[in-house]
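Protein sequences appear in the order of chains G and H. Just so we're on the same page, our numbering is the position in the first sequence counted from 1, plus 1230. Just so we're on the same page, our numbering is the position in the second sequence counted from 1, plus 424. Beta carbons: idealized from backbone N, C-alpha and C, even for Gly. The structure presented is a predicted model; accordingly, all values stated were derived computationally and were not measured. Below is one structure; the comments refer to it alone.
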Amino acid sequence: MTIAPGRETTTAAGVPDTRITPAASSRPGVLAALGPAGARPPIALLAAAIVAAAAAAIPLVYLLVRATESGLATIVETLSRGRVLEYAANSLGLAAATTVTALVLGTAVAFVLTRVRVPFARTWLLISALPLAVPSYLAGYGWLVAFPSLNGFVPSWLLLTAVTVPYVTLPVAAALRGASGDLEGVARTLGRGPLRAFLVATWPSVRPAAIAGSLLVALYALSDFGLVAMMRFPTLTWGINAAYSASFDRAQAATLALLLVVLALVVVVGERAARRQLPRAAARAVAPRSVGRGMLLAMLPVVAVAPLIGVGVPLLGLLSRLLEAATLREIDVPRLLEAVGSTVGVAVAAALLAVALALPIAALAARYRGRLVTAIESVGYLGHALPGIVVGLSLVFFALAVVPALYQSIVVLVFAYAVLFMPKAIGTMRAGLGDVPPRLVAVARTLGMSPLQAWWRVTVPLALPSVGIGALLVAIATMKELPATLLLRPTGVQTLATELWNRTVVFEFGAAAPYAALLVLVAAVPAVILSGVRSSAKEEL
Amino acid sequence: MSDLVVDGVSVTHGSTLAIDDVSLRIRSGELVAVLGPSGCGKTTLLLSIAGLLPVHAGSITIGDREISRPGRTVAPEKRGVGWVPQEASLFPHLSVGENIGFAVPRGRGARRRSGSFPSEVGEGAGAGHAAPASRAARIAELAQLVGLGDLTGRAPNQLSGGQAQRVALARALAPRPDLLLLDEPFAALDTQLRTGLRREVAELLRDQGTTSLLVTHDQEEALTLADRVAVLRDGHLEQFGTPEEIYQQPASDWVASFVGDVVELPGQWRGGRVLCALGSVEASAVGFTPADGETVRLMLRPEWIVPRPDLLAQAAAGADARVASISYAGHDAMITADLVDGPSVLLRMAAVELPEVGDDVRLAVQRPGLAFAAA
């Protein structure tokens, strides 16, 4: 999930003597005229972006079509059934509890990491981001290996908190670092104590980040399927899967999915509103304070608890089970390799399709303004709000009704991934394309390049890293995706995630171990490396 | 001939008129500075000549080719107009050499080597250059020209500001443009570097015979470098002339005070002279015909006023003053002198033998002043 299209300004190392004196460096008015902002986008680009946005809208639109065609009476009747209310209450309760704990814990961790002089502070920040790389069901698997009797609300709540805390920690830490220390100092000189000064001067500029982060946690908790299903805690996602696969009650599945989408969209709208208030100013930050060793030790649990629960224990459980002689003896190597092959295969295909769909939208949004452009971009981001199980279900309906030849084919599966994870590609590529100065393109034009040549020789090479990172983010997310894969995978095709899932739900933890280990290797490890390479990327995994 | 003719050009940004009916004729090989305060529209004028902005009225012509008129803007790449932007704007993904060679077509050297094509006559022959043997040779030649011969392998972020501007200049010269536009290319450099580099660039452009238009807000830069200066204010052309004309015969009191220091004294017009606190000063009226006895504003440059000890004996000529303060600038000094019967005036003199504060001096005006209508 995307927190913010990371916009870093890279300062090249070793910039020598006479660079730019601030006085002469900015002339917004005239330079704005260089970029075609305000101008009309080329028709071909607009058309391509509309096609891509239309593709992204298919799951939601078709779900609406499907859910409403049974009539309002049926919807109301389905919604008022006892189980449905229970599912909804469970989803909301889990989301609310997880959001509160993640907000409190994440803010505390962020505060410690930015305001206290912690040894190895950068490493700790990386460690606190680690849970993002672990899919929730993998954490669930790791705990079940150790404690097979875990089930219900409490373990779901605690584990979800552990894996989602970084959604709060990272933006709040960034906001704390960006918040002006001068302001807090002024408040202190005006007679406020440390806590009052923090609340008065700093918290207002941190609050939007905290709220946006917590709403991402809520979205994650609402959308999660793998963990709650493993913990047999019946939420809406669980109910959708049950209604679809057990009873093939399609109308009920569609209604439940619609209800879930409505909840998710409410959360996403709130998150967008909160994010709009995020402050941009980078002022002189507060220097971290030194504290005594005893105090540091007391803070250690705060910082370590989420990585421990979300990553440490599960990996330990996984490793212990993997290294048992019985497990090693029974590894079905050809089957394992096949699963790796199909996982990587669909991930690459999904990355290519997502980048292809995202490129026109990103190019449009990076350079042009207007209501139509905003609408197209928002539709492109739809996948961000849609739970995987909803996209899976809707595309099942869509394939059966519109393109029956493609039902249960790899095409629909890859398309589902592309819709789900396109927002990651749009976010990074939009930032990358937007960072190419219009002036460089203008220089290329005066040097004899046509618009297309200038785009190819200047814009593309400069934006290429962001395209690569966008594709990698999509591929990593695809490899970890579970519910849509379960619903849409062609018969006989198994990914690492589905193999892990199939064995875990029947308590074959040993047989699941190799798949879990490989999933960590192919998905989690690249994610961690990527986050190390590009410090803001960890906010987008 | 490739004269640049800007004829009655207006350019709008949204609803505001950024350039209003500007006409300029720039002769082939000339270096013209467009001078004005920030926000006067000078960069807009440059961008519309480069084809990066459309014009809303008038036309722009190079030689006999019309390149801009309302509704028709020849694409920037088809104009033969080079552009050196303010902040160099080098392509960060290309080396210095590749930046310079950006507009030099590839493959020419390769074809030569294969020997299957008859060797072409270099495009540069007309400009008095030997045809470059290959792309690499052309890049090396340009790098040498701007004095960066050994830096072609560097990345742009390894250059200093001055070096980056040299690369931007070489890059713009590479396709042998008919016209080169320079947008405050020295503004981002520190003072010392700026003075040296701009003199060097002006010499280089004259050597190459390149017609150039230099945008600047720095009066000294415009006056020292340009053959002619166009003064722009709020989108209007205030004056277009040689640096001497601009400085000594400004077309308006705004131009007068924009391009240099002024001393302004009220006085009365008496048949080609102005009676004021400095005595009777010869003057020419600018923009109006005053009647005898009419109140006018006399405008002088500080260096036109000189202390004349030899006049001390003659009561009729000059005016008595006392030195009130001296602002010392090394090569010269600006002296504030209080006139005995009137206000104080500024005078600039070479810092060889300066008076001291409190000294009595007798001042005279050594060339005709300018009379403007009283406000």
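Within 8 angstroms of the CB of H/S513, the CB atoms of chain G belong to P1667, R1669, L1670 and V1673, in sequence order along the chain. The beta-carbon distance between H/L647 and H/P667, rounded to whole angstroms, is 4 angstroms. This is short enough to meet the 8 angstroms contact definition. For the pair H/G482 and H/K466, the Cα-to-Cα distance works out to about 17 angstroms. Under the DSSP assignment, G/G1698 falls in the alpha helix (DSSP H) whose first and last residues are V1690 to K1710. In terms of beta-carbon proximity, H/P509 lines the interface with chain G, with at least one pair separated by less than 8 angstroms. Looking at the DSSP output, H/Y752 bridges to H/A757. Residue-level contact by beta carbon fails for G/T1689 and chain H, as no gap is shorter than 8 angstroms. The C-alpha of G/R1502 is placed about 45 angstroms away from the C-alpha of G/L1553. Per DSSP, G/Q1638 lies in no alpha helix (DSSP H) and is assigned neither H nor E. For H/C700, DSSP records a beta bridge to H/G703. Annotation: the stretch 1609-1672 of chain G contains the following complete segments of the alpha helix (DSSP H) (minimum length 4 residues), in chain order: 1612-1615, 1618-1632 and 1640-1664. In the structure shown, the three-state DSSP call for H/E490 is strand. Counting only residues of its own chain and dropping the five nearest sequence neighbours on each side, H/F515 has a CB closer than 8 angstroms to the CB of E522, N523, F526 and P580. Cβ atoms of G/V1626 and G/A1536 stay farther apart than 8 angstroms, at about 35 angstroms.
Beta-bridge partners assigned by DSSP to H/T719: H/Q692. Taking all protein chains shown into account, H/P601 has 16 or more neighbouring C-beta atoms within 10 Å of its C-beta and is therefore buried.
Linking G/L1717 to G/S1475 through their CA atoms gives a straight-line distance of about 9 angstroms. If you check the CB distance, G/L1449 and G/A1392 do not come in under 8 angstroms. Cβ proximity to chain H below 8 angstroms picks out nothing from the stretch 1381-1409 of chain G. DSSP, reduced to helix, strand and coil, places H/V456 within a strand of the structure shown. For the pair of segments examined, the stretch 437-456 of chain H was found not to touch the stretch 1649-1667 of chain G: the number of CB pairs separated by less than 8 angstroms stays below three.
For a Cβ distance threshold of 8 angstroms, residue set A499 and E501 of chain H lies close to G/S1680, ordered along the chain. Going by C-alpha positions, H/L689 is about 7 angstroms away from H/M723.
Using a 10 angstroms sphere on the CB of H/H755, the tally of other CB atoms stays under 16, which defines it as exposed. Membership of H/W507 in any alpha helix (DSSP H) is not indicated; the residue belongs instead to the beta strand (DSSP E) covering V505 to V508. Shown here, H/T640 sits in a strand according to DSSP, grouped into three states. No Cβ of chain G is located within less than 8 angstroms of the beta carbon of H/L575. For the 8 angstroms CB-CB criterion, H/V687 and H/V769 form a contact.
Only those residues of the stretch 470-490 of chain H whose C-beta falls short of 8 angstroms from the nearest C-beta of chain G are listed: L471, A474, G475, L476 and L477. Just so you know, the alpha carbons of G/V1314 and G/R1347 end up roughly 50 angstroms apart. Contact with chain G is found for H/V505, since one of that chain's Cβ atoms lies less than 8 angstroms from the residue's Cβ. Assignment of H/M773 by DSSP, reduced to helix, strand and coil, places it in the strand class. Residue pairing by DSSP puts H/Q663 in a beta bridge opposite H/V655. In this structure G/S1624 is buried. Its beta-carbon is surrounded by 16 or more other beta-carbon atoms within 10 angstroms. When G/E1299, G/A1655, G/P1271 and G/Q1683 are compared, the shortest CA-CA separation from G/V1585 is found for G/A1655. Using a Cβ-Cβ cut-off of 7 angstroms, H/A527 is close to L1677 and G1678 of chain G, given in chain order.
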